[in-house]
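Chain order of the listed sequences is A and B.
Each residue of the first sequence is one higher than the last, beginning at -17 in our numbering.
Each residue of the second sequence is one higher than the last, beginning at -17 in our numbering.
The beta carbon of each residue, even a glycine, is placed where N, CA and C say it ideally should be.
Here the structure is laid out as structure tokens; the discussion comes afterwards.
2 protein chains.
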Amino acid sequence: MDASSLKSPPQDASVESLVLGKTPRAGSQDAERMFDTLRNAVLDQRLPPGMQLKEQALADAFKVNRALVRAVLARLESARLVEHRPNRGVFVATPTVAEARDIFAARRVIEAALVRTLTAVAMPAGLAEMQALVEREQAAYRSGDMRAGLRLSVEFHRLLARLAGNSVLANFLEELVARTPLVVLSYKGSDTPSCALDEHSAIIEAIAVGDAERAVTLMNAHLNHLEAKLESGFRAASGEADIAAMLGLAPAR
Amino acid sequence: MDASSLKSPPQDASVESLVLGKTPRAGSQDAERMFDTLRNAVLDQRLPPGMQLKEQALADAFKVNRALVRAVLARLESARLVEHRPNRGVFVATPTVAEARDIFAARRVIEAALVRTLTAVAMPAGLAEMQALVEREQAAYRSGDMRAGLRLSVEFHRLLARLAGNSVLANFLEELVARTPLVVLSYKGSDTPSCALDEHSAIIEAIAVGDAERAVTLMNAHLNHLEAKLESGFRAASGEADIAAMLGLAPAR
DNA sequence: GCGGACAATATTGTCAACAATCTAGGTGGC
DNA sequence: GCCACCTAGATTGTTGACAATATTGTCCGC
């Protein structure tokens, strides 16, 4: 160890964990890993809304005990990514139409504020980072990798939140961005990608030029675009359960 | 800490629980009761920032087992009302100066949006409800009951969020409002009440008249007012530990 | 055949004992 | 006298067994 710092903090002991397989009392890291994995699975739309997440199955999959699983599921529940029904279990959240509309309204409010802030404090380094991200996103879509494209598209909004420098709003947007794929999957009308790519670069450009109002307008239009794609799905779900459509039959109305 | 503030309505099944000792599988309600009690304790500033919340003590106070306590503490942690340090325990959150500023900035963004929405959809019944609340608040302050006044003052902002009809933004504001007392207690400069009462009624009036921009301006001024009171505390904490000020000596700078 | 009661299974919820870790107080060496 | 070390108590973290509940499949009466 480092002899220069005698009272060095305990650090991590991660080397041990790699050698011995498992360091005692490593639940904290396991929980983090598990939470991120489940969260990303929701973001990637690999977990369909309504699917049940059984404790024992997760415990086996992640090689942890049920207590830790329950703790992680509790976190996911307060992030509203899953719903917990007493004595029934936890299920991937299925946002209602009202919730879906509220999520988009909240995103418009928060992202507009973030864009405004970012225009004011814009640092060249941050803008370059966003530009690079958008280019990777466009490349992914062009090469047909829809999953990577969607992931980078989501990353665009998360990066926007981080660069604006307000950790509270960033956390809120993080939650909203994570819930959006659930909404899309619940009420998807068409199969077009979630975010139109050129809109992202247009927003960056407006920020770079310092035109805050234009950037806000573009962002709102961007989110409206996405929500508009779901409107048909909203209407379909407003009627009784659309079992016919789910079975591939002709729409009831 | 006192668990005697359970005056929240015990609701159903309480008779059984009093007679038979405990109805089986009532943990869900217990958890809710416990969460609300702790949350209100933070709102009322009865739990000072930095105080440790020991699991066994809470389990004894609420007559539940430690597993349930841990679940509730996990929820409080994701609401950022407490901090969890591994192998150390959970402590009432002590917001940093940066977090405090971000909380106020976020409140300005969200409450401005809520005020705008509320002005558009304003229903007479809701306005009357707000008016009645403000009057109770003013009465409480006039009668010298600062605690009730603060509680009603907080309730004003929560009611505003509910009436605007966006549950997502309402939940966000709920979290921010709950964290604000922690900020105030951590950096309080003066002992004046958190909210100037006449400002509340002025905001309601602007909403009732339908003047959205004026209502937004008043709300922003209201929040700036509150934040300004803490600025001296922010500056004091920004330097190295303000031991001089804490001992009542002249400020070092 | 059909509907409702019943039993078998799976799943969640609860609990207490045990292990790991931190904190505080004392003890000995220098 | 002071600092490192070490032990003892308190606190958090983990585990497995058990209880309560929901779900599914089965059987019986009609």
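ask   = How would you list, in chain order, the residues of chain A whose beta-carbon sits under 8 Å from the beta-carbon of S149 of chain B?
value = By Cβ distance, chain A contributes A80, E81 and D84.
ask   = Where do the ends of the beta strand (DSSP E) carrying V74 of chain A lie?
value = G71 to V74
query = Residues in its own chain within less than 8 Å of I85 of chain A by CB, not counting five upstream and five downstream?
reply = P77, L158, R161, T162 and V165
query = Relative to the C-alpha of A146 of chain B, which residue among B:E93, B:V116 and B:L208 is closest?
reply = B:E93
task = Identify each residue in the region 47 to 63 of chain B for which the Cβ-Cβ distance to at least one residue of chain A is less than 8 Å, and report them in chain order.
result = A49, R52, A53, A56, R57, S60 and A61
task = Give a yes or no on whether the minimum CB-CB distance between L2 of chain A and chain B is below 9 Å.
result = For L2 of chain A, the pLDDT reaches just 48, beneath the cut-off of 50, and the residue's location in the model is therefore unreliable, although a value from the coordinates is still provided. Any Cβ of chain B closer than 9 Å to the Cβ of L2 of chain A would place that residue at the interface, and such an atom is absent.
query = How would you list, in chain order, the residues of chain B whose beta-carbon sits under 8 Å from the beta-carbon of S10 of chain A?
reply = P68
Range of the contiguous beta strand (DSSP E) that encloses R67 of chain A = V64 to R67
key: Whole-angstrom distance between L205 of chain B and K211 of chain B, CA atom to CA atom   = The straight-line gap from Cα to Cα measures roughly 10 Å.
message = Taking the straight line between their C-alpha atoms, what separation do you get for Q38 of chain A and A53 of chain A?
response = 13 Å
message = Does the CB of A95 of chain B have a neighbour CB from chain A at under 9 Å?
response = Interface residue, yes.
ask   = Taking 9 Å as the CB-CB limit, is L158 of chain B close to chain A?
value = L158 of chain B counts as touching chain A.
request  = Under 8 Å by Cβ, that's how I've got F138 of chain A and F154 of chain B pegged, so tell me the actual separation to the nearest angstrom.
outcome  = So it is not a contact: roughly 22 Å between Cβ atoms.
ask   = How would you list, in chain order, the residues of chain B whose beta-carbon sits under 8 Å from the beta-carbon of V91 of chain A?
value = Those are V91, I92, A95 and L151, listed as they occur along chain B.
inquiry  = Could you check whether R98 of chain A and A188 of chain A sit closer than 9 Å to each other, using their CB atoms as the reference points?
reply    = Between A188 of chain A and R98 of chain A, the C-beta spacing is not below 9 Å.
inquiry  = Contact defined as beta carbons within less than 8 Å: I believe A104 of chain B pairs with A190 of chain B. What is the distance between those atoms, to the nearest angstrom?
reply    = About 7 Å; that satisfies the 8 Å criterion.
ask   = Do you know offhand how far A82 of chain B's Cα is from R90 of chain A's?
value = 23 Å
query = Of all Cβ atoms in chain A, is any one closer than 9 Å to the Cβ of A87 of chain B?
reply = yes
message = Using only the alpha-carbon positions, how far apart do S183 of chain A and R133 of chain A sit?
response = 16 Å
task = For T19 of chain A, count neighbouring Cβ atoms within 10 angstroms of its own Cβ and tell me buried if that reaches 16, exposed if not.
result = exposed
request  = Could you tell me whether the Cβ of F73 of chain B comes closer than 9 Å to any Cβ of chain A?
outcome  = Contact of F73 of chain B with chain A is not assigned, every C-beta pair being separated by 9 Å or more.
task = Could you pull out every residue in the same chain whose Cβ sits closer than 6 Å to the Cβ of L29 of chain B, ignoring the five residues on either side in sequence?
result = A23 and V74
query = If you count every other CB in all the chains shown that lies within 10 Å of the CB of M16 of chain A, and 16 or more means buried, which is it?
reply = buried
ask   = If we cut at 9 Å on Cβ distances, does F154 of chain A have a partner in chain B?
value = yes
query = Which one or two residues does DSSP pair with L35 of chain A in a beta bridge?
reply = In the DSSP assignment, L35 of chain A forms a beta bridge with A:V72.
query = How should P106 of chain A be labelled, buried or exposed, when 16 other C-beta atoms within 10 angstroms of its C-beta is the threshold for buried?
reply = exposed
task = Take A56 of chain B and list the residues in its own chain whose beta-carbon comes closer than 7 Å to its own, dropping the five residues that flank it on each side.
result = none
request  = For G131 of chain B, count neighbouring C-beta atoms within 10 Å of its own C-beta (all shown protein chains included) and say buried if the count is 16 or more, exposed if not.
outcome  = buried
message = Using a 10 Å radius around the Cβ and a threshold of 16 neighbouring Cβ atoms, would you call E209 of chain A buried or exposed?
response = Burial check for E209 of chain A: the Cβ neighbour count within 10 Å reaches 16 or more, so the residue is buried.
key: Under the three-state DSSP convention, the category K211 of chain B falls into   = helix
task = With DSSP as the reference, label S125 of chain A as helix, strand or coil.
result = coil
query = Between the C-alpha atoms of D242 of chain A and D12 of chain A, what's the straight-line distance to the nearest angstrom?
reply = Outside the shown range of chain A, which is -17 to 235, sits residue 242 of chain A, and nothing can be said about it.
request  = Return no unless some Cβ of chain B is closer than 9 Å to the Cβ of R7 of chain A.
outcome  = yes
Residues near Q113 of chain A in its chain [Cβ-Cβ closer than 7 Å; skip 5 each side] = I186
ask   = Where does M105 of chain B sit, in a helix, a strand or coil, going by DSSP?
value = coil
ask   = Within 10 angstroms of its Cβ, does S(-14) of chain B collect 16 or more other Cβ (buried), or is it exposed?
value = Because the pLDDT at S(-14) of chain B is just 40, under 50, the model does not fix this residue reliably, and the value given afterwards should be weighed accordingly. S(-14) of chain B comes out exposed.
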